[in-house]
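Only one structure is covered here, and it is reproduced in the block below.
Protein chains: 2
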Amino acid sequence: MAEYKVPLADMDFLLFEVFKADDIWQKLPKLAEQVDKDTAQAILQECAKIAEQEVAPIARQGDETGVRYDAGKVITAPGYKEAFNTYVEGGWPALGGDVDYGGMGMPKMLTAMHEEMLCSADISFALYPSLTAGAALSLAKHGSEALKEKYLTKMYSGQWAASMCLTEAHSGSDLGIIRTKAVANDDGSYDISGNKIFITGGEHDLTENIIHLVLAKLPDAPAGPRGISLFLVPKFKVNDDGSLAESNNVSCGSIEHKMGIHASATCVMNFDGAQGYLIGELNKGLACMFTMMNFERIGVGIQGLGAAVKSYQNALEYAKDRQQGRALTGAKSPKQTADSIMVHGDVRRMLLNMKALNEGSRALSTYISMQLDYATYAEGEEQAKGETLSALLTPIAKAFFTDLGFENTVTGQQVFGGHGYIREWGQEQLVRDARITQIYEGTNGIQAMDLLLRKVAGSKGAMFTTFYNEVVEFIESVEHQDSMQEFVKPLSDALEDLNDLTLELLSKAQDNIDELGVSANDYLHVFGYTAMAFVWAKMAQVVLASEQISEEFYQSKLHTARYFFKRLLPRRISLIALARSGADSVFDISDELF
Amino acid sequence: MAEYKVPLADMDFLLFEVFKADDIWQKLPKLAEQVDKDTAQAILQECAKIAEQEVAPIARQGDETGVRYDAGKVITAPGYKEAFNTYVEGGWPALGGDVDYGGMGMPKMLTAMHEEMLCSADISFALYPSLTAGAALSLAKHGSEALKEKYLTKMYSGQWAASMCLTEAHSGSDLGIIRTKAVANDDGSYDISGNKIFITGGEHDLTENIIHLVLAKLPDAPAGPRGISLFLVPKFKVNDDGSLAESNNVSCGSIEHKMGIHASATCVMNFDGAQGYLIGELNKGLACMFTMMNFERIGVGIQGLGAAVKSYQNALEYAKDRQQGRALTGAKSPKQTADSIMVHGDVRRMLLNMKALNEGSRALSTYISMQLDYATYAEGEEQAKGETLSALLTPIAKAFFTDLGFENTVTGQQVFGGHGYIREWGQEQLVRDARITQIYEGTNGIQAMDLLLRKVAGSKGAMFTTFYNEVVEFIESVEHQDSMQEFVKPLSDALEDLNDLTLELLSKAQDNIDELGVSANDYLHVFGYTAMAFVWAKMAQVVLASEQISEEFYQSKLHTARYFFKRLLPRRISLIALARSGADSVFDISDELF
Numbered sequence: 001m002a003e004y005k006v007p008l009a010d011m012d013f014l015l016f017e018v019f020k021a022d023d024i025w026q027k028l029p030k031l032a033e034q035v036d037k038d039t040a041q042a043i044l045q046e047c048a049k050i051a052e053q054e055v056a057p058i059a060r061q062g063d064e065t066g067v068r069y070d071a072g073k074v075i076t077a078p079g080y081k082e083a084f085n086t087y088v089e090g091g092w093p094a095l096g097g098d099v100d101y102g103g104m105g106m107p108k109m110l111t112a113m114h115e116e117m118l119c120s121a122d123i124s125f126a127l128y129p130s131l132t133a134g135a136a137l138s139l140a141k142h143g144s145e146a147l148k149e150k151y152l153t154k155m156y157s158g159q160w161a162a163s164m165c166l167t168e169a170h171s172g173s174d175l176g177i178i179r180t181k182a183v184a185n186d187d188g189s190y191d192i193s194g195n196k197i198f199i200t201g202g203e204h205d206l207t208e209n210i211i212h213l214v215l216a217k218l219p220d221a222p223a224g225p226r227g228i229s230l231f232l233v234p235k236f237k238v239n240d241d242g243s244l245a246e247s248n249n250v251s252c253g254s255i256e257h258k259m260g261i262h263a264s265a266t267c268v269m270n271f272d273g274a275q276g277y278l279i280g281e282l283n284k285g286l287a288c289m290f291t292m293m294n295f296e297r298i299g300v301g302i303q304g305l306g307a308a309v310k311s312y313q314n315a316l317e318y319a320k321d322r323q324q325g326r327a328l329t330g331a332k333s334p335k336q337t338a339d340s341i342m343v344h345g346d347v348r349r350m351l352l353n354m355k356a357l358n359e360g361s362r363a364l365s366t367y368i369s370m371q372l373d374y375a376t377y378a379e380g381e382e383q384a385k386g387e388t389l390s391a392l393l394t395p396i397a398k399a400f401f402t403d404l405g406f407e408n409t410v411t412g413q414q415v416f417g418g419h420g421y422i423r424e425w426g427q428e429q430l431v432r433d434a435r436i437t438q439i440y441e442g443t444n445g446i447q448a449m450d451l452l453l454r455k456v457a458g459s460k461g462a463m464f465t466t467f468y469n470e471v472v473e474f475i476e477s478v479e480h481q482d483s484m485q486e487f488v489k490p491l492s493d494a495l496e497d498l499n500d501l502t503l504e505l506l507s508k509a510q511d512n513i514d515e516l517g518v519s520a521n522d523y524l525h526v527f528g529y530t531a532m533a534f535v536w537a538k539m540a541q542v543v544l545a546s547e548q549i550s551e552e553f554y555q556s557k558l559h560t561a562r563y564f565f566k567r568l569l570p571r572r573i574s575l576i577a578l579a580r581s582g583a584d585s586v587f588d589i590s591d592e593l594f
Numbered sequence: 001m002a003e004y005k006v007p008l009a010d011m012d013f014l015l016f017e018v019f020k021a022d023d024i025w026q027k028l029p030k031l032a033e034q035v036d037k038d039t040a041q042a043i044l045q046e047c048a049k050i051a052e053q054e055v056a057p058i059a060r061q062g063d064e065t066g067v068r069y070d071a072g073k074v075i076t077a078p079g080y081k082e083a084f085n086t087y088v089e090g091g092w093p094a095l096g097g098d099v100d101y102g103g104m105g106m107p108k109m110l111t112a113m114h115e116e117m118l119c120s121a122d123i124s125f126a127l128y129p130s131l132t133a134g135a136a137l138s139l140a141k142h143g144s145e146a147l148k149e150k151y152l153t154k155m156y157s158g159q160w161a162a163s164m165c166l167t168e169a170h171s172g173s174d175l176g177i178i179r180t181k182a183v184a185n186d187d188g189s190y191d192i193s194g195n196k197i198f199i200t201g202g203e204h205d206l207t208e209n210i211i212h213l214v215l216a217k218l219p220d221a222p223a224g225p226r227g228i229s230l231f232l233v234p235k236f237k238v239n240d241d242g243s244l245a246e247s248n249n250v251s252c253g254s255i256e257h258k259m260g261i262h263a264s265a266t267c268v269m270n271f272d273g274a275q276g277y278l279i280g281e282l283n284k285g286l287a288c289m290f291t292m293m294n295f296e297r298i299g300v301g302i303q304g305l306g307a308a309v310k311s312y313q314n315a316l317e318y319a320k321d322r323q324q325g326r327a328l329t330g331a332k333s334p335k336q337t338a339d340s341i342m343v344h345g346d347v348r349r350m351l352l353n354m355k356a357l358n359e360g361s362r363a364l365s366t367y368i369s370m371q372l373d374y375a376t377y378a379e380g381e382e383q384a385k386g387e388t389l390s391a392l393l394t395p396i397a398k399a400f401f402t403d404l405g406f407e408n409t410v411t412g413q414q415v416f417g418g419h420g421y422i423r424e425w426g427q428e429q430l431v432r433d434a435r436i437t438q439i440y441e442g443t444n445g446i447q448a449m450d451l452l453l454r455k456v457a458g459s460k461g462a463m464f465t466t467f468y469n470e471v472v473e474f475i476e477s478v479e480h481q482d483s484m485q486e487f488v489k490p491l492s493d494a495l496e497d498l499n500d501l502t503l504e505l506l507s508k509a510q511d512n513i514d515e516l517g518v519s520a521n522d523y524l525h526v527f528g529y530t531a532m533a534f535v536w537a538k539m540a541q542v543v544l545a546s547e548q549i550s551e552e553f554y555q556s557k558l559h560t561a562r563y564f565f566k567r568l569l570p571r572r573i574s575l576i577a578l579a580r581s582g583a584d585s586v587f588d589i590s591d592e593l594f
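These protein sequence lines are chains A and L, in that order.
Mind the numbering: the first sequence is residues 1 to 594 in UniProt numbering, read in order.
Mind the numbering: the second sequence is residues 1 to 594 in UniProt numbering, read in order.
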């Protein structure tokens, strides 16, 4: 298996050539204080070392050993504790955190790349800090001063980890029907009782305490999602001086045996009158949770990308080494018994699919992260636009990147032939690990509904128009350039088709709302390929304008852009046909006839 | 998890209503002696019992336990020996065998359905009899009288199993470079020496002997594929009276740890001067092997279908039970806290994709099997057409059914949400098991090359024309029927587009043969969807002409046909665009730029 190498050159290209992150950061006062180009590059380089040298090497063994459950305790796989300690010593848990409580306040554009590296190295490992960062985000935004002083600081320092406790056995996608109860105590705290399942990092041996953010309902709360509150429930209670007190009636009942991410602890958590503290307002728990959702969902999208990047690197090394058969045009290496399989058009197709989709996903992820940074740190119109675009594109980041990520891990496995099916090569692990990203944090079907129903239709098309204008503006800025014609024309076609499709679906929905539910998945993918064409055209433009255009990196980028427009963007055509084919064939058949 | 139920009604519909198997059998003397409708129905019903009651129940445990290697021995998972014995006692190993040596001589149309049942129940189990049946086919066709008397009879009786030993570590897709050596002995036998990998059922404890069919080269053999011979190498030598003699210097060095099919033994086999017997002529080994390839490759396609059928049954049961959220059009079950997820358009879409693709694959598999039966049992023009169509469509059966099968297992897992990722539900096992079918017995990329280069281009389009005419004939026979218009028009469009694409690619290939290699995969899928539209239209026609049209089964079939034409056939549009996009974007980028 290839040794994982962080694609630092591509990250640098995206940040500083394509999206001019340094200019953006300078304009936004809160970011200008924390980060500039030199700092960012140093951070990425240091983080790359951790990912390549500390995390990547433990992934295979982690898959084989997995986490172990023993009488309420969860023992992580060999090497995880050491890698986690190194990660903490480097100060990485604070990377995106609030500076007022010890965070480093780095922009999402940077933390997203940090996440990608960790996930390429090992999704199982990455989940422990990732869940903690997500919980910290909610707490930082909605928690009281006291809670933040007491808990947030130690989450940033890496002393304590965190989990998000949402799902119950009967309540997954539909959180409105959770049963976990919260009863108010006289001292302002609450007694939390209930059972949660699928809790990532609910219990483990990496940290001395684990801070659970738990969704629960007060006895008199309104029914449905408007009666849900969010509570902070530590595994061990915490004294006023920050030292650990007694256990808090939180226990791990068992762990799940899963298809992949074996080294990530997926726990059944039992709360038996555990002491909890309200975060934000009563009955506003879902809103508090959704604060972190845009960040987290992009993060899950990036997990899919992470696995796919490693799969590509492995597959490329294998394809270059493996000698089998001859080129159709005649032997390329006649002195060897066979040519490298790189001579075969179908192998190149598989590798280029992976390359173009991975680099496109990274570019789009960086673009969305940039919008999230505008939403968080900018003001006025710029802030509003950032908020709109990041909210609109978040479900695409989650579902599109993970669908492509899974596809790419499967493709990378296929390049290996039979060896791709054998565990020791590590390639099949990536398929199993990536698969979960399409399911958790809201299934990709839910994401598609979020995009088309909540965002596009919910805003009566206004959110879509913001995106449309953004692309039109770009097209107008480059359409006079001869060298850009090969990209501008198909991008423009794709955008207009997406616009037409959007209008058609919104119109159909006035008669039958099911038209949206049936088309949502195809619509999301049409949107995804179009948005990806937008960032590929942006990248092509930067390359074409660059003085370094003849260098390998830039030539590779340009050829890959051409490949994307020729051989990936056309996927949208069938998807549009499907999205337009209507709800009748899906609903005219009664349940009994399935 | 749902209990697996064999789709007997659909099998009956295909055999006796759509393809009129009883008429065909009556016309072909060798088949007429063996089988009629009653016999066939009795066979399917008995086989269904084995699959449902004996094989399906051992699959989950087989996945958990897997096969165990202990000092050269391979111990199968709990229950496999018992299930295998029951299978043998039922006489099933003889099902498709040569009647002169104890076989039952059943047509492929029937054995294909038998294979589907076993694979839905458990691919791992199915592989043991399946490999034996494949080896028996080669032996029956090319072996000497003496070899057949001695070995074939015991393979049909189920006393002995068999394996196919092709792959070596450096030689997978490219068999021309194998190194296993055969040296002639004075007594007409050969000493076989070499190492084989990825040998399914190379060693196990199900039978007292295992008959290996081994590809090897004589010292003076021509280089490449034309120097390969096929040998029969038993694990234990066999005395003239049929009793077992001493061990034959064949040993299992280890077993692979794989992504799935854990209960199937995938062995490294070492031959150290083992005694072997030539099958067929010297240096014609590949041809002897390819005798069984059409049968086996359709069989692998059916493995993909098998897993997908079970995935559908599980997903449907789960979707009907699982209550989560509300229909977009308002609560459907207001007395429950939530509606069943069957109300969601996206869930219905996933289930109907599976249903339509599974039933379409089964129908196309039956059609191809029918052609194989014509090729085997008919004469003159009918035989020739059967041979052409079965050879042409075999790579489609293998690659298209397994790509769809894998897609459908992933879709079925997605319907389960988070539970689909948990091992105990069994749904993720189907994904892992199905994945191998896209890889072994010639990767799907190799199948695509076989279709477009060897078959379509190799026959200068003649083989394609045979298929084209077959569909045109059908279209002409139904195009006057009003009720068939919704199917005939899109089928006709699809066929003409496929024809145009074929001509375009063959023309381009005259300048650049790489155009075929690059387009092969997309071409195969365009062909697959078109061929599937052909059998779906045939099924629709039968339903529309049936007096039972108002019954549930027929209504379900008709709606599913409509769904296929509306929401699956349009996938071909993008695939055509990709297949037409040319080789330049794939080959203009040098290896260093990947």
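Backbone N, C-alpha and C fix where the C-beta goes; we use that ideal spot for every residue, glycine too.
Who are the near neighbours of residue i in its chain, counting only those whose CB is closer than 6 Å to its CB and skipping five residues on each side?
i: Gln336/A; result: Gln323
For residue i, list the residues DSSP reports as bridge partners.
i: Gln275/A; result: Asp191/A
i: Ser254/A; result: Val268/A
i: Asn314/A; result: According to DSSP, Asn314/A bridges with nothing at all.
i: Asp171/L; result: Per the sequence shown, residue 171/L should be read as Ser rather than Asp. Bridge partners of Ser171/L: Glu168/L.
Residue i touches chain A at which residues, Cβ-Cβ below 8 Å?
i: Pro570/L; result: Ser574, Ala577, Leu578 and Ser581
i: Gly304/L; result: The premise fails here: Gly304/L is roughly 14 Å from chain A at the closest Cβ pair, so nothing lies under 8 Å.
Closer than 9 Å by beta-carbon distance: list the chain A residues that pair up with residue i, in chain order.
i: residue 611/L; result: For residue 611/L there is no data in the structure shown, the boundaries of chain L being 1 and 594.
i: Gln414/L; result: Gln438, Ile439, Thr443, Asn444 and Gly445
So which residues on chain L does residue i lean against when the C-beta distance must stay under 8 Å?
i: Tyr563/A; result: Ser585, Val586 and Ile589
Out of the options, point me to the one whose CA is closest to residue i's CA.
i: Val471/A; options: Ala457/A, Ser459/A and Lys489/A; result: Lys489/A
i: His257/L; options: Ala540/A, Thr200/A, His419/A and Asp23/A; result: His419/A
i: Phe125/L; options: Leu28/L, Gly158/L, Phe13/L and Gly62/L; result: Gly62/L
i: Ala161/L; options: Phe236/L, Glu359/L and Ile513/L; result: Phe236/L
i: Phe295/L; options: Leu14/L, Gly97/L, Leu558/L and Glu82/L; result: Gly97/L
Ordered along the chain, which non-local residues of its own chain (more than five positions away) have a Cβ less than 7 Å from that of residue i?
i: Arg571/L; result: Tyr529
i: Val88/L; result: Gly158
i: Ile436/A; result: Gly260 and Ile261
Near residue i, which residues of its chain fall below 8 Å by C-beta distance, leaving aside the five closest residues on each side in sequence?
i: Val526/A; result: Asp497, Leu498, Leu501, Arg572, Leu575, Ile576 and Ala579
i: Asp373/L; result: Ile24, Leu28, Leu31, Pro107, Lys108, Met109 and Gly386
Next item on the list: With 8 Å as the limit, tell me which residues of the stretch 212 to 236 of chain A have their beta carbon closer than that to any beta carbon of chain L; keep them in chain order.
Entry: none
Note to self: Short of 7 Å Cβ to Cβ, which residues in the stretch 238 to 264 of chain L face chain A?
What the structure shows: Glu256, His257, Lys258 and Met259
Notebook entry, point to check: Just by C-beta distance, which residues in the stretch 185 to 206 of chain A are closer than 9 Å to chain L?
Noted result: For the stretch 185 to 206 of chain A, which is checked against every Cβ of chain L, the residues closer than 9 Å are Ile197 and Phe198.
Next item on the list: Identify each residue in the stretch 521 to 547 of chain L for which the Cβ-Cβ distance to at least one residue of chain A is less than 8 Å, and report them in chain order.
Entry: Asn521
Notebook entry, point to check: Listed from N- to C-terminal order along the chain, which residues in the stretch 323 to 339 of chain L have their beta-carbon within a distance smaller than 7 Å of any beta-carbon of chain A?
Noted result: For the stretch 323 to 339 of chain L, which is checked against every Cβ of chain A, the residues closer than 7 Å are Gln324, Gly325, Leu328, Thr329, Thr337 and Ala338.
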